[in-house]
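Undergrad: Please find one structure pasted underneath; my questions will follow.
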Amino acid sequence: DAKTTQPPSMDCAEGRAANLPCNHSTISGNEYVYWYRQIHSQGPQYIIHGLKNNETNEMASLIITEDRKSSTLILPHATLRDTAVYYCIVRGYSNTGKLIFGQGTTLQVKP
Amino acid sequence: GAVVSQHPSWVICKSGTSVKIECRSLDFQATTMFWYRQFPKQSLMLMATSNEGSKATYEQGVEKDKFLINHASLTLSTLTVTSAHPEDSSFYICSVPYSRGYEQYFGPGTRLTVT
């Protein structure tokens, strides 16, 4: 599975959009981009995933560049409860489904 | 509501004893479950894949004789930390793949402290 690079930390003002970048320059054609988050002392929570098209759900939007080498997770109106560690994971569907977590980005939403 | 539960949510045990952690899939059957370990201020580390009806698959560097995994049914996997030592103190989390593996639901985690 391709390796990802994320900034270690980011701040965002409450009510503003939070844009979390992820680089995955070695991604291959059949690998998906997944985003999970982990609020302190809880299990991770699935947010969204995509292959090459932009995706949106009730939690967030995922923007994948045309060359698929990077992506951005967008939380449109961040709240204090969105403070968490956000993990970008690239995984092919051909494997067993296991996720390999990197260090993620700690997002601090401030009032 | 919760899709995956873990029991206990926290446990304190003495060095040398064994501890069993349960992971239950509440809403659907799971032939595969995953076990992770997380030390303070670190990321999750995959320990093993629990397979219903067959032996667990362990990641490199994880001692299979120390971390016993039993996939007892399609809704239950257990992780037993045998002869626990203080360095085994950690946050243990299980996950269950869903939607043909596209998503995973994680349990709330079990905090193990070995004294």
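Read top to bottom, the protein sequences are chains E and S. Residue numbering for the first sequence follows the numbering used here, starting at 311 and increasing by one per position. Residue numbering for the second sequence follows the numbering used here, starting at 2 and increasing by one per position. C-beta atoms are modelled at their ideal positions from N, C-alpha and C, and glycine is treated no differently.
What residues of chain E sit near Phe35(S), judged by a beta carbon separation below 7 Å?
TA: The contacting residues are Lys408.
Undergrad: Report back the beta-carbon spacing between Arg378(E) and Tyr342(E) to the nearest angstrom; my notes put them in contact at under 8 Å.
TA: Between Tyr342(E) and Arg378(E) the Cβ distance is about 10 Å, and since that is not below 8 Å, they are no contact.
Undergrad: Considering only residues of the same chain and omitting the five flanking positions on each side of Ser91(S), which have a CB-CB separation below 7 Å?
TA: Hits under 7 Å: Arg38, Gln39, Phe40, Leu113.
Undergrad: Round the Cβ separation of Pro317(E) and Ser380(E) to the nearest angstrom and send it over; I've been treating them as touching at under 8 Å.
TA: Wrong, their Cβ atoms sit about 12 Å apart, outside the cutoff.
Undergrad: What are the complete beta strand (DSSP E) segments, minimum 3 residues, inside the region 24–76 of chain S?
TA: DSSP runs (the beta strand (DSSP E)) wholly in the region 24–76 of chain S: 33–39, 46–52, 68–74.
Undergrad: With 16 other CB atoms within 10 Å as the buried threshold, where does His359(E) fall?
TA: It counts as buried.
Undergrad: Using DSSP with H/G/I as helix, E/B as strand and the rest coil, what is Asp392(E)?
TA: It is helical.
Undergrad: What whole-angstrom Cβ distance do Leu383(E) and Leu372(E) have, given they're in contact under 8 Å?
TA: Yes, Leu383(E) and Leu372(E) are in contact; Cβ-Cβ is about 6 Å, under 8 Å.
Undergrad: Say whether chain S places a C-beta atom closer than 9 Å to the C-beta of Pro339(E).
TA: Note on residue identity: the sequence assigns Gly, not Pro, to residue 339(E). No, Gly339(E) does not count as interfacial toward chain S.
Undergrad: Looking only at its chain, what residues have a beta carbon closer than 8 Å to the beta carbon of Thr58(S), apart from the 5 residues adjacent to it on each side?
TA: Excluding positions up to five away in sequence, the list reads Ala49, Thr50, Asn52.
Undergrad: Closer than 9 Å by beta-carbon distance: list the chain S residues that pair up with Pro354(E), in chain order.
TA: Within 9 Å Cβ-Cβ: Tyr37, Leu45, Ile94, Ser96, Gln105, Phe107.
Undergrad: Is the separation between the beta-carbon of Ser96(S) and that of Gln413(E) shorter than 9 Å?
TA: The answer is no: Cβ separation not under 9 Å.
Undergrad: For a contact defined as C-beta to C-beta under 7 Å, what are the partners of Gly17(S) on chain E?
TA: Chain E residues near Gly17(S): none, gap ~27 Å exceeds 7 Å.
Undergrad: Nearest by alpha-carbon distance to Tyr106(S): which of Trp345(E), Ile349(E), Tyr356(E), Asp321(E) is it?
TA: For the residues Trp345(E), Ile349(E), Tyr356(E), Asp321(E), the minimum Cα distance to Tyr106(S) belongs to Tyr356(E).
Undergrad: Below 9 Å between beta carbons is the criterion; list the residues of the region 359–371 of chain E that meet it against any residue of chain S, in chain order.
TA: If the cut-off is 9 Å between Cβ atoms, the region 359–371 of chain E has His359 near chain S.
Undergrad: Please state the DSSP three-state secondary structure of Pro386(E).
TA: Correct three-state label for Pro386(E): coil.
Undergrad: Which residues in chain E sit within 9 Å of Gly110(S), going by Cβ to Cβ distance?
TA: Near Gly110(S) (Cβ distances below 9 Å), the residues of chain E are Ser351, Gln352, Gly353.
Undergrad: Could you check whether the Cβ of Gly412(E) sits closer than 9 Å to any Cβ belonging to chain S?
TA: Cβ-Cβ to chain S under 9 Å: yes for Gly412(E).
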